[in-house]
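Taking it in order: structure first as structure tokens, then the write-up.
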Amino acid sequence: MSTYGKIARVFFPITLVILLGAGAWAYKEYQEKSSILIKAENQYQRAFHELNNHMDSLQGEIGKVLAVNSQKHLSDSLTNVWRLTYAAQSDVAQLPLSLMPFHDTQKFLGRMGTFSYNAGVRDFNKDPLSEKEYQTLNTLYQNATDIKGKLNEVQSQVLSKNLRWMDVELAIATEDKKLDHTIIDGFQAVNNMVVQFPEVDWGPTVNNLEVRKKEKFTTLKGRNISEEEAKEKAAKLLDRSTEGMKVTFAEKGDFPVYSISFEGKNGPCNLDLTRTEGHVTWMLYNRPVKESKLSREQALEKAQSFLKKMGYEGMVPISHIEEDHIVTFSMVHKEGNILIYPEALALKIALDNGEIIGIQADEYVFNRKERVTEKSTLTHEQARKQVNPHLKVTGTNQAYIYGEDGKEALCYEFLGTLKDNQYRIFINGDTGEEEFVEKIEKEEPEKM
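Letter by letter, the sequence shown follows residues 1 to 448 of UniProt numbering.
Below is the structure:
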């Protein structure tokens with residue numbers, strides 16, 4: 001046997017093993033990537049179909065409000081309208097629409113939720129719905145019917161054509177005209193329809209909030225950053241390079257932002273930074289989280305560390321939701337012993353490795369300011385007397401919130417339970433009036 005033959009006998013099995021190993025590794029990589037894409041597509045499809053279900057239920061619930069005569073049922077239905085608008089907005093936030101104009105519809109749903117909540121949390125025996133409020137509800141019923149109809153049309157086409165949301169994301173990111181634009185066109189049609197809705201009389205509470213929003217977006221001071229600077233800020237925050245990042249300038253609702261998108265290690269990532277100074281207002285890293293390795297306390301430490309890196313310090317958790325191996329903390333700024341609710345943000349943390357996979361921080365960014373700490377006219381004991389005596393109080397704080405007039409009010413916050421439900425009640429520290437009541441859906445924040 002030749003020398004070449006001897007060498008071949010030795011190295012051929014080794015080479016074969018290497019090639020087989022490389023092939024197996026490549027196939028495993030392909031399977032993992034396919035699994036991630038399928039998981040992302042399933043999440044998008046679920047959010048889209050839940051959006052349709054919530055809009056169907058929302059339209060029906062507004063119809064109930066117009067039909068019922070019982071004060072209790074009226075309050076329940078209005079609260080359900082608020083809950084469903086919140087759920088619909090949450091569904092929209094899970095869809096890859098960051099580069100597509102849909103903010104008018106989101107804004108409309110937000111206003112509808114605020115209107116229904118403020119209409120529902122009152123004693124109808126003393127303060128029944130006015131004729132003007134009934135007219136507004138009639139208008140909202142028709143609006144909800146129109147939105148529901150358009151979304152149902154899109155849903156029918158998605159089902160009949162087996163359309164994929166991953167293709168929508170690709171079409172938006174690449175502006176590829178050859179890809180199917182049925183979903184994009186459908187959502188744009190919904191948004192254009194909402195823009196054409198007749199002006200709704202939302203009442204003083206919603207209108208004051210709208211004025212405050214427009215005012216706060218003009219308070220951000222500093223210089224405008226470039227697209228390249230926006231990418232560098234995002235890269236520094238997420239400990240990665242700017243390679244593969246795509247930037248689009250957009251008027252997101254009421255304020256201009258740079259929308260950045262890129263393909264992360266395990267899924268797509270999108271984030272928004274303000275053009276002024278480059279503050280992060282929103283981020284979503286849509287990746288699968290299959291297990292929980294960290295406790296809630298460990299996740300909170302990760303959240304605090306990340307906020308410090310962002311320059312958002314002095315934040316404390318007020319509530320949390322834990323599901324599907326992900327914990328979401330709602331947090332507010334604390335100065336001394338006073339909670340500043342206008343300076344609020346939310347963080348989503350993956351419990352497999354503590355990675356931050358979601359941020360909602362526009363309220364913090366635009367409401368951040370130096371405050372002169374005031375002193376309440378009422379004492380804690382005097383404010384406590386204004387709270388429903390049947391509420392079992394489990395915790396108290398002093399807090400700034402926005403009142404119905406759109407201005408900040410220093411309040412006493414009372415956390416407590418009533419009939420197995422948890423509530424957060426704010427009593428104005430000067431007038432003793434009940435400024436705001438919030439039902440807490442999840443675990444007691446004071447035990448966090």
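Backbone N, C-alpha and C fix where the C-beta goes; we use that ideal spot for every residue, glycine too.
For residue i and residue j, I'd like the C-alpha separation in whole angstroms.
i	j	result
Thr232	Leu391	Sequence check: residue 232 is Glu here, not Thr. Between Glu232 and Leu391, the C-alpha separation is close to 50 angstroms.
Leu351	Leu238	17 angstroms
Arg46	Gln155	12 angstroms
Pro317	Glu297	11 angstroms
Ile326	Asn286	12 angstroms
Lys447	Thr396	For Lys447, the predicted structure reports a pLDDT of 35, less than 50, and the residue's modelled location is therefore unreliable. A value from the coordinates is still provided. So the two alpha carbons sit approximately 12 angstroms from each other.
Ile321	Ser330	9 angstroms
Gly416	Asn162	48 angstroms
Tyr30	Ser57	In this prediction, Tyr30 has a pLDDT of 47, which is less than 50 and means its spatial position is unreliable; what the coordinates show is noted afterwards. So the alpha carbons of these two residues sit roughly 40 angstroms apart.
Glu50	Asp91	7 angstroms
Gly432	Pro198	38 angstroms
Asn421	Thr114	21 angstroms
Ile357	Ile38	19 angstroms
Tyr400	Arg371	10 angstroms
Glu140	Gly336	The question names Glu, but residue 140 is Leu in the sequence shown. Cα to Cα, Leu140 sits roughly 43 angstroms from Gly336.
Val365	Ala40	29 angstroms
Val195	Asn143	11 angstroms
Thr136	Gly244	47 angstroms
Lys290	Asp146	38 angstroms
Glu229	Arg240	14 angstroms
Asn138	Lys348	37 angstroms
Gly264	Gly354	16 angstroms
Thr248	Leu129	45 angstroms
Trp82	Phe262	34 angstroms
Lys407	Glu381	25 angstroms
Asp430	Ser292	46 angstroms
Ala346	Val65	32 angstroms
Trp165	Leu97	10 angstroms
Glu435	Asn118	11 angstroms
Glu133	Ser116	10 angstroms
Under three-state DSSP, which class holds residue i?
i	result
Asp430	coil
Lys442	Low confidence applies to Lys442: its pLDDT is 49, below 50, so where it sits in the model is not reliable, and the reading given next is rough at best. Note: Lys442 maps to coil in three-state DSSP.
Gln106	helix
His279	coil
Arg111	helix
Val332	strand
Glu381	helix
Thr248	strand
His390	coil
Glu355	coil
Gln45	helix
Gly186	helix
Tyr285	strand
Leu97	coil
Leu320	This sequence places His at residue 320; Leu is not what is there. Note: His320 maps to strand in three-state DSSP.
residue 467	Summary: the structure shown does not reach residue 467, with the chain confined to residues 1 through 448, and so no result is reported for it.
Gly63	helix
Leu220	coil
Gly120	helix
Ser437	Strictly speaking, residue 437 in this sequence is Val, with Ser absent from that position. Note: Val437 maps to strand in three-state DSSP.
Tyr30	Legend: pLDDT at Tyr30 = 47, less than 50; position of this residue unreliable, value from coordinates given subsequently. Helix, per DSSP.
The beta strand (DSSP E) spanning residue i covers which residue range?
i	result
residue 449	Since the first residue of the chain shown is 1 and the last is 448, residue 449 is not available in this structure.
Asp272	268 to 274
Glu343	338 to 350
Ser261	255 to 263
Thr417	408 to 418
What first and last residue would you give for the alpha helix (DSSP H) that runs through residue i?
i	result
Leu238	227 to 238
Gln89	71 to 93
Gln135	131 to 161
Phe306	296 to 310
Phe197	Phe197 -> no alpha helix (DSSP H), and no H or E assigned at all.
Glu363	362 to 367
Less than 8 angstroms between the CB atoms is what I'm expecting for residue i and residue j, so what's the real figure, rounded?
i	j	result
Val332	Met310	Contact doesn't hold; Cβ gap of about 15 angstroms is too wide.
Gln89	Gln106	6 angstroms
Leu339	Glu374	At roughly 14 angstroms, the Cβ-Cβ gap does not stay under 8 angstroms, so Leu339 and Glu374 are not in contact.
Gly120	Thr85	Actually they do not touch by this definition, with Cβ atoms about 12 angstroms apart.
residue 484	Ile440	An answer regarding residue 484 cannot be provided, because it is not within the stretch 1 to 448 covered by the chain.
residue 472	Pro342	Examination of residue 472 is not possible in this model, given that the chain is present from 1 through 448 alone.
Any heavy atom of the ligand GTP inside 6 angstroms of the beta-carbon of residue i?
i	result
His49	For the ligand GTP, the structure offers nothing, since it holds no ligand at all.
Touching or not, the segment 143 to 155 and the segment 183 to 194, by the rule of three or more beta carbon pairs under 8 angstroms? yes
Does the count of Cβ pairs from the segment 115 to 127 and the segment 65 to 83 closer than 8 angstroms reach three? yes
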